[in-house]
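Residue numbers (the working numbering), protein chains in the order written: chain A, 84 to 373; chain B, 443 to 779.
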């Protein structure tokens, strides 16, 4: 298949659909844990499984992790973590897993729990669930992610921003949630292609078939998606004046408050990312090397 | 080792309590939150100190006490808990269950006991229950606030419950400006004589005594020093240096008796070494004004050799509480440092 660049194809587990692909990076979304091992085997037959992302309404501590899941790259979108006691008991198993856990940001406890998980070596993150956000709490988590001197697992999306940020480019951290059509394309069971998970749910497809992915560059929806940011500058929205535009790109335009709390957060995050970049700049070798 | 206060609540009301003032000035329902705990753990981790003591009030009164210990274990911290051993049945049963897989290298208890003759029956039974269950994790702590104290019951507890064969002996210290029971400087020699009378029995039972801070060296004769040296395997301490106490609200001070002086917050420091330096400077500044609890401290060679700090610094500050002008000057020196 001739594409712009190698996309990760996001789809439900459908053996018939998967059999149509060869040599692709495939990410499977699911609402249950029933077929995890089967998914792993089927996808990896002719393609590469990026991960299985499970969206479930169960708390982390109510999930029974099986030892043979440890070979499966997993992402879990959960409403909450559950009791700390149970979590501590589960840690030996969780640490064997190839796992990232995402909790919705609208619940303050989740922000603490994400930090708790990260501090114990479990890769974790928040996702923005379109409910009111306690920006101060999110800022504390971002600060922890970017500045804590103590070792901890990455906290998303802040780790993504810090590690991928380039001072001369914009960065869309929606990629963390597979919502960047320059990297991820969402395919329904009929093989139709949507640019984001939301558009897939709404039945709005950019391409009628995955076979047309090589035409994506000229696709009107795709072009519109990639140039949608320009509106902010044409309309002179609040976001267009935001110093942290490069890493947020107006994602919270509809919920900006009087204090511009989202701006306060992302300015801090941007500074953290710049610090991170500066720190990791490799200095030219001054002394001879063998 | 630094001390982290989980809660300001305490079950007992010991007459010598040197946390009295601090506790009275803080809301009893003020308990350490998970956010603050994680910050503290990261702070000590980044300072390369992977151990601290949990204090109260009574740490077992913190609603998340057991989870906190489990968390610290997962963070590979060695945790020492100062407790009275008094707790609810529910908490006790949970502790038995949850601490079963933990080794004494990861968790230890210092159980602060009072003379059983001055303790209520129910409290005594609860303490014994704790010692019976957690003896292998526990050593005893005993605070001396009268010259005529008894230590026989400590030996009995250690033998009966298989405790660690060490006793932390604390001298109850005064709190500047607040009343609590403690031994006045002129009663200290009698206290020391009484202590020495127990050493043969402790030796016979292979139990060592370690002094907490603020024990003046001159309380003991040279002969007694020789006996103590052998008893403690050379590990004798007569100094009073800055401890680091962190409250549930992240306030930091150097020790309970001095909790009113230069109280600050953990957020003002990058690491625990900085805090120690900060309070060392404060105490050194004060010590340049007051050398020790006795007149003789002024010219004492052991003090200048830094083998003895001249007793608890709080004693010295307390002395000035009857001399407002001198106290003001001292506080000026301390606070300006």
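For each residue, glycine too, the CB sits at the ideal point set by N, CA and C. It should be emphasised that the depicted structure is a prediction, and the values quoted were computed from it without experimental measurement.
Residues bridged to residue i (per DSSP)
{"i": "residue 134(A)", "result": "110(A)"}
{"i": "residue 187(A)", "result": "210(A)"}
{"i": "residue 687(B)", "result": "445(B), 695(B)"}
{"i": "residue 522(B)", "result": "495(B), 550(B)"}
{"i": "residue 95(A)", "result": "112(A)"}
{"i": "residue 585(B)", "result": "612(B)"}
{"i": "residue 473(B)", "result": "449(B)"}
{"i": "residue 158(A)", "result": "136(A), 183(A)"}
{"i": "residue 277(A)", "result": "269(A)"}
{"i": "residue 707(B)", "result": "693(B)"}
{"i": "residue 617(B)", "result": "620(B)"}
{"i": "residue 239(A)", "result": "208(A)"}
{"i": "residue 650(B)", "result": "608(B)"}
{"i": "residue 290(A)", "result": "276(A)"}
{"i": "residue 323(A)", "result": "DSSP, once it has assigned bridges, lists no residue as partnering residue 323(A)."}
{"i": "residue 580(B)", "result": "551(B)"}
Contact set between residue i and chain A, taken where Cβ atoms lie within less than 8 Å
{"i": "residue 477(B)", "result": "195, 198, 223"}
Whole-number beta carbon distance between residue j and residue i, since they are thought to touch under 8 Å
{"i": "residue 271(A)", "j": "residue 263(A)", "result": "Incorrect: roughly 18 Å between the Cβ atoms, too far for contact."}
{"i": "residue 160(A)", "j": "residue 136(A)", "result": "7 Å"}
{"i": "residue 496(B)", "j": "residue 523(B)", "result": "5 Å"}
{"i": "residue 587(B)", "j": "residue 625(B)", "result": "6 Å"}
{"i": "residue 655(B)", "j": "residue 682(B)", "result": "5 Å"}
{"i": "residue 200(A)", "j": "residue 184(A)", "result": "6 Å"}
{"i": "residue 277(A)", "j": "residue 288(A)", "result": "5 Å"}
{"i": "residue 459(B)", "j": "residue 622(B)", "result": "6 Å"}
{"i": "residue 207(A)", "j": "residue 348(A)", "result": "Residue 207(A) to residue 348(A), Cβ: 18 Å. No contact."}
{"i": "residue 346(A)", "j": "residue 250(A)", "result": "About 19 Å separates the two Cβ atoms, so there is no contact after all."}
{"i": "residue 447(B)", "j": "residue 688(B)", "result": "7 Å"}
{"i": "residue 243(A)", "j": "residue 93(A)", "result": "No, residue 243(A) and residue 93(A) are not in contact; Cβ-Cβ is about 17 Å, not under 8 Å."}
{"i": "residue 616(B)", "j": "residue 757(B)", "result": "6 Å"}
{"i": "residue 662(B)", "j": "residue 593(B)", "result": "Contact doesn't hold; Cβ gap of about 16 Å is too wide."}
Chain-ordered chain B contacts of residue i [CB-CB under 8 Å]
{"i": "residue 174(A)", "result": "516"}
Contact test: residue i Cβ vs the ligand FAD heavy atom, cutoff 7 Å
{"i": "residue 721(B)", "result": "The ligand content of the structure shown is nil, which means the ligand FAD is not present either."}
Interfacial residues, the stretch 199-223 of chain A to chain B, with Cβ spacing under 8 Å:
199, 202, 203, 223
Okay, do the stretch 491-503 of chain B and the stretch 523-541 of chain B touch, 3+ Cβ pairs below 8 Å being the bar?
yes
Where the stretch 228-254 of chain A meets chain B: residues whose CB sits under 9 Å from a CB there:
Flagged, chain order: 231, 232, 233, 234, 235.
The stretch 647-658 of chain B touching the stretch 599-616 of chain B, judged by at least three CB pairs closer than 8 Å
yes
Anything in the stretch 154-179 of chain A with a Cβ closer than 8 Å to a Cβ of chain B? List those residues in chain order, please.
167, 168, 171, 174
If contact means a Cβ-Cβ distance below 7 Å, which residues of the stretch 472-496 of chain B contact chain A?
476, 477, 480, 484, 487, 488
Closer than 7 Å, Cβ to any Cβ of chain A: which residues of the stretch 501-512 of chain B, in chain order?
Using a CB distance below 7 Å, the part of the stretch 501-512 of chain B facing chain A consists of 509, 512, ordered along the chain.
Stretch pair the stretch 549-568 of chain B + the stretch 580-593 of chain B: three plus CB contacts closer than 8 Å:
yes
Can at least three beta-carbon pairs, one atom from the stretch 735-742 of chain B and one from the stretch 686-704 of chain B, be found at a separation below 8 Å?
The way I'd put it, the stretch 735-742 of chain B doesn't touch the stretch 686-704 of chain B; fewer than three beta-carbon pairs between them come closer than 8 Å.
For the pair the stretch 182-198 of chain A and the stretch 212-225 of chain A, tell me if three or more CB-CB distances fall below 8 Å.
Enough Cβ pairs lie closer than 8 Å, so yes.
The stretch 191-208 of chain A / the stretch 162-170 of chain A touching (three or more Cβ pairs under 8 Å)
yes
With three or more beta-carbon pairs closer than 8 Å as the criterion, would you say the stretch 474-481 of chain B touches the stretch 556-575 of chain B?
no
Is the number of C-beta pairs between the stretch 126-140 of chain A and the stretch 483-491 of chain B that are closer than 8 Å three or more?
no
Would you call the stretch 296-307 of chain A and the stretch 322-332 of chain A touching, i.e. three or more CB-CB distances under 8 Å?
Using a Cβ-Cβ distance cut-off of 8 Å, the stretch 296-307 of chain A and the stretch 322-332 of chain A are not in contact, since fewer than three pairs of beta carbons, one from each stretch, lie closer than that value.
Three or more C-beta pairs below 8 Å linking the stretch 590-602 of chain B and the stretch 745-759 of chain B
no
Does the pairing of the stretch 304-323 of chain A with the stretch 173-182 of chain A give three or more beta-carbon distances under 8 Å?
Between the stretch 304-323 of chain A and the stretch 173-182 of chain A, the count of C-beta pairs closer than 8 Å stays below three; the two stretches do not touch.
If we count Cβ pairs, one from each stretch, closer than 8 Å, do we get three or more for the stretch 711-729 of chain B versus the stretch 508-523 of chain B?
A contact between stretches requires three or more CB pairs, one per stretch, nearer than 8 Å, and the stretch 711-729 of chain B fails this requirement with the stretch 508-523 of chain B.
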